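Here is the structure we will look at.
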Amino acid sequence: MMFLVALSFAYFAKALSGSYMKSTITQLERRFDIPSYLIGVIDGSFEIGNLLVIAFVSYFGAKLHRPKIIAVGCVLMSIGTFIISNLSMWIYVLLGNVLRGIGETPVQPLGISYIDDFATEENAALYVGCVQTISVVGPVFGYLLGSLCAKIYVDIGFVKMETITITPADARWVGAWWLGYLIAGVITLLSAIPFWFLPRSLPMSGARSPEKYFYPSTDFIPALRALLGHPVYLIYLCVTIIQLNSLIGMVTYKPKYIEQHFRQSASKANFLMGVINIPAVALGMFSGGLLMKRLKLNVMGAARFAFGTSLIGYILSLFFFAMSCENAKVAGVTLSYNSTDTISYDKHSVFASCNSYCSCSASDWDPVCGENSITYLSPCLAGCTSSAGSGKNTVFSNCSCVGVAGNLTANTGQCLHKDDCDRMFPYFLALSVITSFIISLGGTPGYMLLIRCIKPQLKSLALGFHALATRTLAGIPAPIYFGAIIDTTCLKWGEKRCGGIGACRIYNTTAYRIAYLGLTLSLRTISFIVCIPGFILLSRQLKEEERNAIHGALANGGAELEALRKEEFVISNSSDNSTDRETRL
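Residue numbers (mature numbering (1 follows the signal peptide of the UniProt record, and there is no 0)): -17 to -1, 1 to 568.
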């Protein structure tokens, strides 16, 4: 039980820091002025750290003191998290994330195999479900921490807040992202402490045969060859890789999707992810483990359950396409200066006769909201000639592009046209909660399928190789190509002070929705197709195992009968010899 509590806390810590990283996606984009695909590289660097050591940790770690190896990993995770905070270059964030990935490596394969070794077969699924549930609770606090830090200005304590002209809703706002990493690093460091005091092995509970849990070691290459020659395992691996590509890409950019599509602040997007979406996932994971125990699902039952829940979630996710929100009205970007009534994504010029005499820069992004409810890229491009007030209360006047008569004014920041978004957003959240819960129901049964479809002596290696493959082929590339595809929907790029493309300021929300949701659901479609041969192979494997078990029982029964006959023959001979001796006497 102590190990279960310690592992749960370690899962909580790593999940908190990982989810906090995802909650700071837009903050890091703006802080370092980089596009989404580069953020994807930074996010994927965590998996690169895993990739470096996971195969060796999974195989050789099972032969060593597993709790202490997990403790070392937690310490490395905390060091990496501290390196990420408050540095001036994004390369340090990447390197710190790599170290976090190295430290996280032993937690999952060694922790889960330790539980499965020393828990009863009946309780193992429930314990794994508990650990997975705690690992989903971690992101609740991670996103809430991200929400809190996103409200705090990045340079708080170093600047006078009354001089700041932007708000958290502004596309240029950068929150105190570094503060959350300091907190996450401390929590991760604390999670290492219990593992230093745990034993290498635990007493086996119940009447269990030790042969099942303590098996002879095998050489690495033959064991890997046997694992990769297992057809059911390979199909399972392909399915999970494809589905994790969909899941990781979707989760990585979901807060950003909420920000851009429904015009919510980063703080609110993270808050909603933490208090609404993630708890639904946690409840689904726990309920899945409980249902597996109650229904006493075998391997095939677990596979069917996981497939069914994923398919239902997929069908419901199709309704996300209908939940659209009109793009912001930005002169020179989504609107022409000559026709400000209809949104168009044609190439528009930011220059017009109303601002031609102002010598404005087309690359500036200092938006103002005119009295006509249209956003202009800068006061200059709005044709404004004077201003009054300071900070957030600055008002620009004599803005010739806003209208043709009168003293028309503009205020700092973008116009907030959120009526249609506010009506649609609750439906988006409700559907998001429902689909997350249903899909998560199959999480624990699907994970137990991985453990139970292979031989016990290959279990640790199978878990480690599964983590290696999914991180290499899903965790690393998914955020990168999802980010690259999202970048293609950008309408207005920022520019760095030293030149070059910076972070995107505004997106084509229609194209963003189609690209983001279309890619997510297309990957799931492919995974369902791959499942078909998987079910066929699994059915054949189970039938073969059943035949082998019957033959084994018959063979054992025949051997027992033969031994009984021999025993009777010996007794009979002994009796005959005794009778002969008596006769002779």
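The beta carbon of each residue, even a glycine, is placed where N, CA and C say it ideally should be.
The structure displayed is predicted, hence computed values, not measured ones.
Cβ-heavy atom distance, residue i to the ligand SAM, below 7 Å
i: L211; result: Among the components of this structure there are no ligands whatsoever, and the ligand SAM is therefore not found.
N-terminal and C-terminal residue of the beta strand (DSSP E) that residue i is part of
i: C352; result: 351 to 353
i: S346; result: Looking at the DSSP string, S346 is not in any beta strand (DSSP E), and its letter there is neither H nor E.
i: N394; result: 393 to 395
i: V378; result: 378 to 380
i: S369; result: 369 to 371
Residue i versus residue j - alpha carbon distance
i: A(-3); j: L(-11); result: 12 Å
i: residue 615; j: D100; result: In the structure as shown, the chain starts at -17 and stops at 568, and residue 615 therefore has no counterpart that could be examined.
i: H331; j: S319; result: 6 Å
i: S380; j: N394; result: 9 Å
i: L414; j: S383; result: 45 Å
i: G1; j: V234; result: 12 Å
i: N310; j: A457; result: 31 Å
i: Y136; j: I515; result: 51 Å
i: C221; j: S28; result: 22 Å
i: residue 591; j: L93; result: Lying before the first or after the last residue shown, residue 591 is absent from the chain, which here runs from -17 to 568.
i: R242; j: Y126; result: The residue asked about is misnamed: residue 242 is Glu in this sequence, not Arg. Spanning the two alpha carbons is a distance of roughly 14 Å.
i: Y240; j: R406; result: 17 Å
i: T471; j: L500; result: 15 Å
i: S6; j: S130; result: 8 Å
i: L502; j: L299; result: 16 Å
i: L432; j: I31; result: 26 Å
i: Y236; j: I8; result: 8 Å
i: S342; j: G315; result: 16 Å
i: F203; j: V40; result: 12 Å
i: A532; j: N106; result: 24 Å
i: F290; j: K279; result: 17 Å
i: R155; j: R488; result: 8 Å
i: E478; j: I85; result: 34 Å
i: L424; j: V313; result: 43 Å
i: L230; j: I147; result: 37 Å
i: G168; j: W161; result: 11 Å
i: G483; j: S19; result: 15 Å
i: F303; j: R496; result: 9 Å
i: F254; j: M4; result: 14 Å
Neighbourhood of residue i by C-beta distance below 6 Å, restricted to the same chain and skipping five residues each side
i: R183; result: H48
i: V(-13); result: none
i: F(-6); result: I117, G121
i: R435; result: V282
i: E194; result: No answer about E194 holds up, because its pLDDT of 41 lies below 50 and its placement is not dependable.
i: G79; result: G63, I66, I67
i: I37; result: T88, G447, A450, L451
i: L207; result: none
i: F411; result: M306
i: P214; result: L520
Residue span of the alpha helix (DSSP H) that contains residue i, given as start and end
i: T64; result: 49 to 67
i: F178; result: Here F178 belongs to no alpha helix (DSSP H), and DSSP marks it neither H nor E.
i: S2; result: -16 to 6
i: A206; result: 203 to 211
i: V76; result: 73 to 87
Close beta carbons around residue i, own chain, < 8 Å, minus the five adjacent residues each side
i: L210; result: Y216, I437, L441, L444, A445, F448
i: I139; result: A159
Beta-carbon separation (whole angstroms), residue i vs residue j, contact threshold 8 Å
i: I225; j: V416; result: About 24 Å separates the two Cβ atoms, so there is no contact after all.
i: F249; j: A133; result: First, the amino acid is wrong: residue 249 is Ala here, not Phe. At roughly 4 Å, the Cβ-Cβ gap stays under 8 Å, so A249 and A133 are in contact.
i: R13; j: A467; result: About 18 Å separates the two Cβ atoms, so there is no contact after all.
i: G112; j: G296; result: Incorrect: roughly 18 Å between the Cβ atoms, too far for contact.
i: M268; j: P428; result: About 10 Å separates the two Cβ atoms, so there is no contact after all.
i: L59; j: L77; result: L59 to L77, Cβ: 16 Å. No contact.
i: W336; j: C398; result: This sequence places Ser at residue 336; Trp is not what is there. S336 to C398, Cβ: 22 Å. No contact.
i: G212; j: Q10; result: 46 Å between Cβ atoms; not a contact.
i: T455; j: L34; result: 5 Å
i: W348; j: L360; result: 6 Å
i: S419; j: A263; result: 4 Å
i: A252; j: A175; result: Contact flag wrong, Cβ pair sits at about 32 Å.
i: A461; j: G257; result: Actually they do not touch by this definition, with Cβ atoms about 22 Å apart.
i: T453; j: T223; result: 6 Å
Short CB-CB distance (under 8 Å) between residue i and chain B
i: G1; result: You won't find chain B in this structure, because it holds only one protein chain.
Beta-carbon contacts of residue i that lie in its chain and below 7 Å, excluding the five residues immediately before and after
i: residue 573; result: In the structure displayed, the chain extends from -17 to 568; residue 573 sits before or after that span and is not available.
i: K51; result: F178, W179
i: G372; result: V378
i: L294; result: F511
i: H244; result: C308, T492, Y495, R496
* Where in the stretch 459 to 511 do unbroken runs of the alpha helix (DSSP H), each at least 4 residues long, occur, reported from the N-terminal end onward? -> 460 to 470
* Any beta strand (DSSP E) of 3 or more consecutive residues that is wholly inside the stretch 236 to 317 -> Complete beta strand (DSSP E) runs here, min 3: none at all.
* **Complete runs of the alpha helix (DSSP H) confined to the stretch 103 to 182 [at least 4 residues]** => List check, alpha helix (DSSP H) in window: 104 to 134, 160 to 174.
* To do: Note down, one range per segment and in chain order, each alpha helix (DSSP H) of at least 4 residues found wholly within the stretch 429 to 461.
  => 442 to 453
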